[in-house]
Amino acid sequence: MCVSLLSALAALFVVVPTFGSNDLDIPSNVANRVDLSQLLDKKQTYITGQFHLEGNTASFPSTQTEIEPYVTFHHNCDMDEKQSANLGYKRWAIRLPEEYVTLGTKPRKVYDFGRINLQIEYPGETHDKKFNFNE
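Now the structure itself:
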């Protein structure tokens, strides 16, 4: 299974496959953690705010090929250095629609996030003090 994305933001993104939900809302236990063993891709956005993520389950055990990918956003927009140090980066996540997960190692469809306003607070948004933008 694989997935591909395009968008315009200023943040670091990860795609994390998780299992068991049929809606686009993210359960709080998923939104509040990132399991790096399930990481498909991560990127810091280009200077233009765009990014491209792509991933597949080729390196996963053969029993873990059904995925429900989430994109987790980390950013410190509208925060000064002191706020970032005290609160950590803002974090929120969204699950990708099932039709953007395709068979094979190369995606056949691209999910375009369009423009996302990081100045507003998103449902389930938290602060992550442990997040390191440079890892």
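In mature numbering (1 follows the signal peptide of the UniProt record, and there is no 0), the protein residues as written are -20 to -1, 1 to 115.
Ideal Cβ placement from N, Cα and C applies to all residues, glycine included.
Legend entry - TYR69 - partner residues in DSSP beta bridges: ASP108
Legend entry - C-alpha gap between ASP58 and LEU67, whole angstroms: 13 angstroms
Inset, instruction - List the endpoints of the continuous beta strand (DSSP E) containing GLN24. - result: 21 to 24
Inset, instruction - In angstroms with no decimal places, state the Cα-to-Cα distance between VAL90 and ASP60. - result: 34 angstroms
Legend entry - Bridge partners - ILE96, DSSP secondary structure assignment: Paired residue(s): none; ILE96 is not in a bridge.
Legend entry - Simplified DSSP state of GLN44, which is helix, strand or coil: coil
Legend entry - GLN18 burial status per 10 Å Cβ neighbour count (16 or more: buried): buried
Inset, instruction - Would you list the one or two residues that DSSP bridges to THR85? - result: Its beta-bridge partners do not exist; DSSP assigns none.
Legend entry - C-alpha gap between LEU20 and TYR26, whole angstroms: 19 angstroms
Inset, instruction - State the Cα-Cα distance for the pair PHE53 and LYS86, rounded to the nearest angstrom. - result: 23 angstroms
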